[in-house]
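Numbering (our numbering), first residue to last: 95 to 742. Down below is the structure, laid out as structure tokens.
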């Protein structure tokens, strides 16, 4: 299984010592900041000094709360063989996704290795082609006439029709591994007090930050840190976050809390809070058992993040508000509240970016420094955080490069947060699941980032005209240099890489008698020949040559029938362990490639020059031709379960 446990090499005793060390350094740093560094030489400078300290406090508390939560971490349950198989209704809500995307997810759901399963396609757009697809594949189809409350409303409309003991939810772009239900249901069977089991939400394609900067080798996706670090920590305090997809929940528990929360677009987190408040336990299973599609453009990813921020903050105006809902323990309240309020961090983050220019305008430094305090107090504190970032996060992130995810979307997120606070949240929009037409960079991203870069330049000019003492000047110049680099990379990321494929391609290393396969997709493969023989088939599937450059060949699958296509897709997306757990690279090694990204334009994706994430090839050695006498997983599921496509 693709479990994160293999990367948690550090025992609990080590974690306690690490957290204790960081906490002592934090206390020492804050004492030094309050007692020795505040500057009250003028009212303007004093106000700026206190503002800077306040911003630091907010960000430090947000960063250290998960560290302190980790001390309460309890050993998670491990899946065991099932003694019984409670009936499961698997809901696949759809709202405008491309037909091929929905087909791929439905086929993966129908191929699940679970005997008592009913798959439902919940179509919120009423497309005839989806009803026809459901009939062809053998699953139930439901389309509602009213479309209130977005995804939550779509799910709730189906709940009265369900008869299974458990309900599983997958987004319409998510493909599960065959063992998804067997592994998750096991935890619910072991713990009768548990209502929900959440698994990691993985992506099968590179997101725009990775792809546009071509950092697939040097940076892990942002969600890796959440599912390797935040969710296991929340498990320890009973505050697992429901992520909206790739989870299983008890139907009676869900019905007892009124179904999925409709007062906010973040129905997942709010519903999880209601379940926890009702006395149910929530579990996190740290195994990659499914994968979906990341946004294909920087603009789409910005809209997605803004929707998350706005929807999460709206929970504070619902009955699931962790500050007011009855039934939560103090630790649960604090953990759920931190998960909601951390979106407000964009406000102090923006102020910190503006601080050098504000200091120039105020005519004084907001911080009084001497070289001794900087070296003996501040440097050890921040160095310890940077050195411990990788081991504490389960090797999911470094200390600096992941900040790109924060900086590129900083100003749009500030807008989303402020509009939500003003009770004018942004209109809900579904994240596109297919590449759009080629176009320039999104002005809503470029203009704010270019403006922030200009602010850094103005601050530098002001510092040269009004140089503060040596210690504050050196610190400010370092801050300006690092922020300028990250802002430059963020600005460069706004230009989407041309030629993005709608079908994910994966980096593989599969040695064959004629050469080595280096990239794979449901459309074809890329390989490097060791001789002059060009293969005509692979894994029993026919191939046709499309492109050749020296010993490198690009080939497409030729004339695959439905059973062969189903076999290939299931082996790519549904095989156990196909989504590997990677380690975040050592960041200093990435400095050279990262600097090159600032000056090198984004190259068009084409043969031998693609955005690739790694894929493990377990289960891909056998040919579908050797199973010709057996029904495909799709047909077997359909005939066994007697699922029928019926309109709602």
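No residue lacks a Cβ here, since even glycine has one placed at the ideal position from N, Cα and C. A quick note: this is a predicted structure, and the numbers were derived from the prediction, not measured.
Note to self: Beta-carbon within less than 6 Å of residue 615's beta-carbon, same chain only, minus the 5 sequence neighbours each way: which residues are those?
What the structure shows: If you ignore the 5 residues before and after residue 615, its C-beta comes within less than 6 Å of the C-beta of 597 and 599, all in its own chain and listed in chain order.
Note to self: Let's test the definition: count the other Cβ atoms within 10 Å of the Cβ of residue 339 and tell me whether it reaches 16, buried, or not, exposed.
What the structure shows: buried
Item checked: Reduced DSSP secondary structure (H/G/I, E/B, other) of residue 655 -> coil
Note to self: Check for me: the alpha helix (DSSP H) holding residue 375 runs from which residue to which?
What the structure shows: Where residue 375 is concerned, there is no enclosing alpha helix (DSSP H), although the beta strand (DSSP E) it sits in stretches over 375-378.
Next item on the list: Check whether the region 120-140 touches the region 450-459, counting contact only when three or more Cβ pairs, one atom from each stretch, lie closer than 8 Å.
Entry: yes
Check: Can you tell which of 198, 303 and 496 has the C-alpha that lies nearest to the C-alpha of residue 266?
Finding: 198
Margin query: So for residue 587, helix, strand or coil by DSSP?
Written below: The answer is helix: DSSP assigns residue 587 an H, G or I state.
Check: With 16 other CB atoms within 10 Å as the buried threshold, where does residue 376 fall?
Finding: That one is buried.
Item checked: Pairwise C-alpha distance: residue 315 and residue 126 -> Counting only the Cα atoms, residue 315 lies some 36 Å from residue 126.
Notebook entry, point to check: Given residue 251, which residues of its chain have a CB within under 6 Å of its CB, disregarding the five upstream and five downstream residues?
Noted result: 238
Item checked: Beta-bridge pairing of residue 688 - partner residues as DSSP gives them -> Answer by DSSP bridge pairing: none, since residue 688 is not bridged.
Next item on the list: Just tell me which of 122, 383 and 649 has its CA closest to the CA of residue 667.
Entry: 383
Check: Going by beta carbon distance, what residues of the same chain come within less than 6 Å of residue 210, once the five residues before and after it are set aside?
Finding: 179 and 181
Next item on the list: Output the boundary residues of the alpha helix (DSSP H) element that contains residue 402.
Entry: From DSSP, the alpha helix (DSSP H) with residue 402 extends over 392-408.
Notebook entry, point to check: Taking C-beta to C-beta, are residue 408 and residue 341 nearer than 8 Å?
Noted result: no
Next item on the list: Identify the continuous alpha helix (DSSP H) that holds residue 619 and give its terminal residues.
Entry: Where residue 619 is concerned, there is no enclosing alpha helix (DSSP H), although the beta strand (DSSP E) it sits in stretches over 618-623.
Check: DSSP on residue 245, reduced to helix/strand/coil?
Finding: helix
Check: What are the complete alpha helix (DSSP H) segments, minimum 4 residues, inside the region 325-359?
Finding: 325-330 and 345-350
Check: Buried or exposed: residue 693, going by 16 or more other Cβ atoms within 10 Å of its Cβ?
Finding: exposed
Check: Closest by CA to residue 643, which one among 634, 702, 627 and 665?
Finding: 702
Check: For residue 61, is the classification buried or exposed, using 16 other Cβ atoms within 10 angstroms of its Cβ as the cut-off for buried?
Finding: Because the chain here runs from 95 to 742, residue 61 falls outside it and cannot be looked at.
Item checked: DSSP-derived helix/strand/coil call for residue 717 -> In this prediction, residue 717 has a pLDDT of 47, which is less than 50 and means its spatial position is unreliable; nothing more can be read from the coordinates.
Next item on the list: To the nearest angstrom, report how far apart residue 233 and residue 623 are at their CA atoms.
Entry: Looking at the two C-alpha atoms, the distance is approximately 43 Å.
Notebook entry, point to check: Roughly how many angstroms lie between the CA atoms of residue 578 and residue 478, to the nearest whole one?
Noted result: Rounded to whole angstroms, residue 578 and residue 478 show a C-alpha spacing of 24 Å.
Checklist line | Alpha-carbon to alpha-carbon, residue 133 and residue 754 | finding: Summary: the structure shown does not reach residue 754, with the chain confined to residues 95 through 742, and so no result is reported for it.
Next item on the list: Could you check which residue in 524, 560 and 435 has the C-alpha nearest to that of residue 450?
Entry: 560
Note to self: Judging by CA-CA distance, which residue of 263, 305, 253 and 485 is the nearest neighbour of residue 695?
What the structure shows: Selection 263, 305, 253 and 485 evaluated against residue 695 yields 305 as nearest (Cα-Cα).
Check: Which class does residue 214 belong to by DSSP, given the choice of helix, strand or coil?
Finding: strand
Checklist line | Sequence-distant residues of the same chain with beta carbon closer than 8 Å to residue 566, five excluded per side | finding: 459, 461, 462 and 463
Notebook entry, point to check: Relative to the alpha-carbon of residue 142, which residue among 546, 662 and 448 has its alpha-carbon at the smallest distance?
Noted result: 448
Check: For residue 659, is the classification buried or exposed, using 16 other Cβ atoms within 10 angstroms of its Cβ as the cut-off for buried?
Finding: buried
Check: In three-state terms, what does DSSP make of residue 278?
Finding: helix
Check: What's the call for residue 107, buried or exposed, on a 16-neighbour Cβ count within 10 Å?
Finding: exposed
Checklist line | Local conformation of residue 310 per DSSP, three classes | finding: coil
Next item on the list: Would you mind sorting residue 148 into buried or exposed? The rule is 16 or more other CB atoms within 10 Å of its CB.
Entry: exposed
Item checked: Nearest-angstrom Cα separation, counted from residue 118 out to residue 664 -> 51 Å
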